[in-house]
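Written below as structure tokens is the structure these notes are about.
Residue numbers (my numbering): 189 to 496.
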């Protein structure tokens, strides 16, 4: 039974990591002509429609009580709406690599938040692994971090990136709460993404954006990829992973994502590796091993609700 479960967690972790490792680049194609708030709205409303259609076709119930809708709306607003508006804003002012470094700090935020919200244990190994992982990600993008010291536009990107990370951490904790309340992952995602799209649209309305659409191939293709793979498949995998092993350990996806992003950059953008970036990869891998090593999988899986 446990042997069958382990490949499932590996597959889910790999799916979320590989897909989200490519979406940082995909988001760049969303910026420019269309306002970020509009792009987030299009992305998650389209994702909700596609996944909702699949649920209807497979006869999965999309009905929830008003109390459940309130919980789903909170998760969707944080995880899909406010979080992604913040990420898109951050990428307008800072490089995708810098935003990835900032987002990796979620491996600290979630365990601390779980401790405060649920009284979950906070093992020393978790903090050590988080520190090693974030250090590794920082080394991967050291040149961009050095450029950001000048302040200005990059400094604003840092503010947006950190705010988005805090919001995402809160969304993860709400996801744990919702799963404890018995809300199914996939059908909950349908409504959550719809609520997130509505929140993004509301933010756009407050900001007075012009609602436009870019019909050129780079924007349309990246929108479809982000909606289907970056939203439906990746979030379905990630939230299921949270259900299986807890939010704290699932968050290490955000340490592995930058490694995948740079691997893709090596293939398509001629990224030049240095000994510093190689050390960063080694530390990121070590952090994931510390957090996910098999010796703790069985016990952690059983404690998933307790350790968030």
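Beta carbons are placed, not taken as given, at the ideal position from N, Cα and C, and that holds for glycine. Keep in mind that this is a model prediction, so the values were computed, not measured.
CA-to-CA distance, residue j to residue i, given in whole angstroms
i: residue 219; j: residue 399; result: 14 Å
i: residue 324; j: residue 251; result: 44 Å
i: residue 203; j: residue 376; result: 20 Å
i: residue 275; j: residue 253; result: 31 Å
i: residue 245; j: residue 367; result: 24 Å
i: residue 310; j: residue 434; result: 13 Å
i: residue 278; j: residue 264; result: 20 Å
i: residue 381; j: residue 266; result: 10 Å
i: residue 494; j: residue 406; result: Reliability fails at residue 494, whose pLDDT of 43 lies under 50, so the model's placement of it is uncertain and the value that follows must be treated cautiously. Whole-angstrom Cα-Cα distance: 43 Å.
Cβ neighbour criterion (16 or more within 10 Å) applied to residue i
i: residue 487; result: Low local confidence applies: a pLDDT of 40 at residue 487 is under 50, so the model's placement there is unreliable, and no value is given.
i: residue 483; result: For residue 483, the predicted structure reports a pLDDT of 45, less than 50, and the residue's modelled location is therefore unreliable. A value from the coordinates is still provided. When all chains shown are included, residue 483 counts as exposed.
i: residue 226; result: buried
i: residue 403; result: exposed
i: residue 247; result: exposed
i: residue 420; result: buried
i: residue 429; result: buried
Supposed close pair residue i, residue j - CB separation, criterion 8 Å
i: residue 385; j: residue 233; result: 4 Å
i: residue 207; j: residue 422; result: 4 Å
i: residue 270; j: residue 355; result: 5 Å
i: residue 465; j: residue 327; result: 7 Å
i: residue 262; j: residue 369; result: Actually they do not touch by this definition, with Cβ atoms about 11 Å apart.
i: residue 320; j: residue 475; result: 4 Å
i: residue 222; j: residue 401; result: 6 Å
Local conformation of residue i per DSSP, three classes
i: residue 221; result: coil
i: residue 461; result: coil
i: residue 248; result: coil
i: residue 387; result: helix
i: residue 293; result: coil
i: residue 283; result: coil
i: residue 456; result: helix
i: residue 403; result: coil
i: residue 237; result: helix
Reference residue i; option with closest CA among the options
i: residue 440; options: 257, 281, 295; result: 295
i: residue 229; options: 344, 353, 480, 411; result: 411
is_contact[residue i, chain B] using C-beta, thresh 7 Å
i: residue 472; result: Absent from the structure: chain B. Only one protein chain is present.
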